Amino acid sequence: MQTPPDSSKNSKFLKQRLVIISCLSVAVASAISVVAKILIYLINLVTNVSFYGSFNLNFHSPANNHLGAWVIVIPAIGGVLVGIMAFYGSKAIRGHGIPEAMEQILVNESNIKPSITFFKPISSAIAIGTGGPFGAEGPIIATGGALGSTLGQLFRITANERKIILAAGATAGMAAIFGTPIAAVFLAIELLLFEFSPKSILPVALACITGAAGHHLLFEQGPVFPMPDLLTPSNLALGIYSFMGIVIGFLSLGITKIVYFIEDSFEKLPIHWMWWPAIGGLAVGVIGFFAPHTLGVGYDNITGLLSGKWPLTLICSLLFLKFLSWAIALGSGTSGGTLAPLLTMGGAAGALTGTVILALFPNSGVNIPMAALVGMSAMFAGASRAYLTSITFALEATMQSHALLPLLGACTAAYMVSFFLMENTIMTEKIARRGIFTPDSFEPDLLQKMVVSQVIREEGTVINVNNSIADVRSWVNINNIHDNHFIIVNNDGEFSGTLKLTDIYSSNLDETSSLQDLLKKELGASVSSNDTLRFAMETMSNADVEVLPVLSSDLKVIGILSYLDIISAFKIEADKTQQPYVKISLKRQRMKMLVRGRKLVNVNTAGK
937 MQTPPDSSKN SKFLKQRLVI ISCLSVAVAS AISVVAKILI YLINLVTNVS FYGSFNLNFH
997 SPANNHLGAW VIVIPAIGGV LVGIMAFYGS KAIRGHGIPE AMEQILVNES NIKPSITFFK
1057 PISSAIAIGT GGPFGAEGPI IATGGALGST LGQLFRITAN ERKIILAAGA TAGMAAIFGT
1117 PIAAVFLAIE LLLFEFSPKS ILPVALACIT GAAGHHLLFE QGPVFPMPDL LTPSNLALGI
1177 YSFMGIVIGF LSLGITKIVY FIEDSFEKLP IHWMWWPAIG GLAVGVIGFF APHTLGVGYD
1237 NITGLLSGKW PLTLICSLLF LKFLSWAIAL GSGTSGGTLA PLLTMGGAAG ALTGTVILAL
1297 FPNSGVNIPM AALVGMSAMF AGASRAYLTS ITFALEATMQ SHALLPLLGA CTAAYMVSFF
1357 LMENTIMTEK IARRGIFTPD SFEPDLLQKM VVSQVIREEG TVINVNNSIA DVRSWVNINN
1417 IHDNHFIIVN NDGEFSGTLK LTDIYSSNLD ETSSLQDLLK KELGASVSSN DTLRFAMETM
1477 SNADVEVLPV LSSDLKVIGI LSYLDIISAF KIEADKTQQP YVKISLKRQR MKMLVRGRKL
1537 VNVNTAGK
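Each residue of the sequence shown is one higher than the one before, starting from 937 at the first, in the numbering used here.
And the structure:
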């Protein structure tokens, strides 16, 4: 006897696919780790050539240059080159990486042009190496996503699987740059995957582990932002750090608004967008002439802020002038990242706020390095609303476990301010303006929580396989039946298949033949009472049917499930979740029934 199809077979298939996608994700992560190192070398090379006239791959901060007023021209030249690459190569290299990846995931089935894999790191190396105030993480996230998408397009995989590989490549790039795999996993969940399930988390986690291993192999050991050891804060200090989160939350709102105001201003310029990065680069150069520390990646600036030893004037220049330089450059549409600038500005804001609090309340217990760490994390939490990413990144990047509670308090406060007062974030504002909705919640799948036995009909109709086509046509006309699909059973009530109304009314049929002659050899789609409604809906979609028979282990039809039953059940559960105080009508409550006692009418007109 044949066995009915069930969700266990589907589960086995999904696990096999999971292994394949995980292997592809690890392969992408291995490649992007090498690309991350190459990108850093490229940035160092362009920096050394541009500011020091030296063909060298070692890091040298552009802040120590001796070019004088000539420093103004260098970022503008970089902007010209980036504009030319964007115009003749790919316009997609513009921007800071994450919003562009989000857009491809949401509207383009995670398909990114393979050319981005080459153009994005090269253009970013030019933009950052010539003094652009960006981090390398945005470009490597975009490059990793493009590499993952390209690999996904080469293999026969679904759009959702391609999304997973894209996210794996993007976050593996972040893990390779910073050595923060847990934060990278959370970044995928909060900004790229928009889901939390084993099929997505496992490949991404494996990719991030691979990226972190690449970081330890190709980059330095230890925390990427070393700082003095922090002590456990007092309750008073913890409250102050949380209050700082509120202040920086409002600051993140202002930063986001100003960034997009500047971008809108560039849109109004009467010149082609290809030249905008050059204008932005000129502004970067002018600011860099007066404040050299605003030039370049600035990871050393973050380390300096976290040391708690930098002078107040330098802290203020990083907060105000770094922001102005970055906002103009980003608004001009050049190629670069946002994470490092946000961390720099947040760290400066935290250090400045901590200094003021210590001056007013010397016994408050506030520590300047802790204040800087709290500030940089809260800034990222407020601007991006990547809440868990912000906390775990700060912990992993500094290895300061005693900072957990202050980070939790400050990031929660900044997140609340952002959530209540800002509709979109710095990551989603651009794509929201194009009419693209970005999911902002990760709720359980209601259809996954319910099983078929809760919602199948109390009554249903099945047709005996021995009926003639003429008899069935007559029965349909007499009883004014409007169903489009019919469940067919044999004399023992065992499932024989499913027929469409159009199958029965086909013009070239012999009316005296039985329904048996219309059935295919293999059984049609069906479900069991223990299958989830999600599996049932997927089965309906794949089989292109509106109803499914519910079968027992011996293929007996014990109930019928229609798509309307699933919709009704979903609405009931949704009302319970969203409107807990609304009383659900008894009529709709009756939808939740057990299979036993189900009355099925077996239509058998054969021989009559």
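Just so you know, even glycine gets a beta-carbon here, dropped at the ideal spot from N, CA and C. As the structure is a prediction and not an experimental result, all values here were calculated from the model.
Worksheet item: Could you check where the beta strand (DSSP E) with Phe1054 kicks off and where it finishes?
Response: Unbroken run through Phe1054 is the alpha helix (DSSP H), 1052-1065; no beta strand (DSSP E).
Worksheet item: Alpha carbon to alpha carbon, how far is Ser966 from Leu1087?
Response: 13 Å
Worksheet item: What does Val1183 pair with, by DSSP beta-bridge criteria?
Response: According to DSSP, which records beta bridges pairwise, Val1183 is partnered with nothing at all.
Worksheet item: Is there contact between the segment 1134-1151 and the segment 1169-1182, where contact requires at least three CB pairs shorter than 8 Å?
Response: no
Fill in: Which of helix, strand or coil DSSP assigns to Gly1234
coil
Practice prompt. Would you check if the distance between the CB atom of Gly1318 and the CB atom of Gly1185 is smaller than 8 Å?
Written response: yes
Fill in: Strand pairing of Ile1496, partner residues [DSSP]
Pro1485
Worksheet item: When the Cα atoms are used, what is the spatial distance from Ser1449 to Thr1374?
Response: 55 Å
Worksheet item: Is DSSP giving Glu1203 helix, strand or coil here?
Response: helix
Discussion item. Measuring alpha carbon to alpha carbon, tell me which residue in Ser1313, Phe1055, Asp1501, Ile1125 is nearest Ile1238.
Written reply: Ser1313
Discussion item. Considering only the alpha carbon of each residue, which of Asn1400, Ser1489, Leu1260, Lys951 lies closest to Val1222?
Written reply: Leu1260
Worksheet item: Along the chain, where does the beta strand (DSSP E) that runs through Thr1434 open and close?
Response: 1431-1436
Discussion item. Quick check on Ile1207: buried or exposed, where buried means 16 or more other Cβ atoms within 10 Å of its Cβ?
Written reply: exposed
Worksheet entry | Own chain partners of Glu1359 with C-beta closer than 8 Å, once the 5 adjacent residues on each side are dropped | Ala1368
Practice prompt. Could you tell me which of Trp1262, Val1302, Lys1193 sits nearest to Ala1365, measuring between CA atoms?
Written response: Inspection of the sequence shows that residue 1365 is occupied by Glu rather than by Ala. Nearest of Trp1262, Val1302, Lys1193 to Glu1365, Cα basis: Lys1193.
Practice prompt. May I ask you to report which of helix, strand or coil DSSP gives Val890?
Written response: Residue 890 lies beyond the stretch modelled for the chain, which goes from 937 to 1544, so this question has no answer here.
Worksheet item: Considering only C-alpha positions, which residue in the set Arg1098, Ala1148, Ile1424 is nearest to Ala1111?
Response: Ala1148
Fill in: Same chain, Cβ closer than 8 Å to Arg1370, five either side skipped, listed in chain order
Glu1039
Worksheet entry | Neighbourhood of Phe1422 by C-beta distance below 6 Å, restricted to the same chain and skipping five residues each side | Ile1399, Leu1435
Discussion item. Going by C-alpha to C-alpha distance, which of Gly1019, Trp1006, Gly1175, Leu1166 sits closest to Leu1344?
Written reply: Gly1175
Discussion item. Can you look up Thr1086 in the DSSP assignment and give me helix, strand or coil?
Written reply: helix
Discussion item. When you compare the CB positions of Ala1061 and Leu978, do they come within less than 8 Å of one another, or not?
Written reply: yes
Worksheet item: Could you give the distance in angstroms between the alpha-carbon of Phe1471 and the alpha-carbon of Ser1464?
Response: 10 Å
Fill in: Residues near Leu897 by beta carbon distance below 8 Å, same chain, minus five either side
Residue 897 lies beyond the residue range present for the chain, which begins at 937 and ends at 1544; the question has no answer from this structure.
Item to complete: Check whether the segment 1101-1116 touches the segment 1255-1272, taking contact to mean three or more Cβ pairs, one atom from each stretch, closer than 8 Å.
Response: no
Item to complete: State buried or exposed for Gly1158, treating a residue as buried only when at least 16 other CB atoms are found within 10 Å of its CB.
Response: exposed
Worksheet item: On the three-state DSSP scale, how would you describe Thr1468?
Response: strand
Worksheet item: Phe1225 and Ile1029: beta carbons closer than 8 Å?
Response: no
Discussion item. What would DSSP say about Ser1271, mapped onto helix, strand or coil?
Written reply: strand
Worksheet item: Within 10 angstroms of its Cβ, does Pro1139 collect 16 or more other Cβ (buried), or is it exposed?
Response: buried
Worksheet item: Using a Cβ-Cβ cut-off of 7 Å (strictly less than) and excluding sequence neighbours within five positions of Leu993, which residues of its own chain qualify?
Response: Tyr977, Asn980, Leu981
Discussion item. Buried or exposed, going by whether 16 or more other CB atoms sit within 10 Å of the CB of Asp1381?
Written reply: exposed
Item to complete: Please report how far the alpha carbon of Leu1153 lies from the alpha carbon of Met1021, in whole angstroms.
Response: 32 Å
Worksheet item: Looking at C-alpha atoms only, which residue of Ala1307, Phe1356, Met1352, Ile957 is the closest neighbour of His1338?
Response: Ala1307
Practice prompt. For Leu1218, I'd like the list of residues in its chain whose CB is within less than 6 Å of its CB, leaving aside the five on either flank, ordered along the chain.
Written response: Ala1012
Discussion item. Going by DSSP in three states, Ser1449 sits in which element: helix, strand or coil?
Written reply: coil
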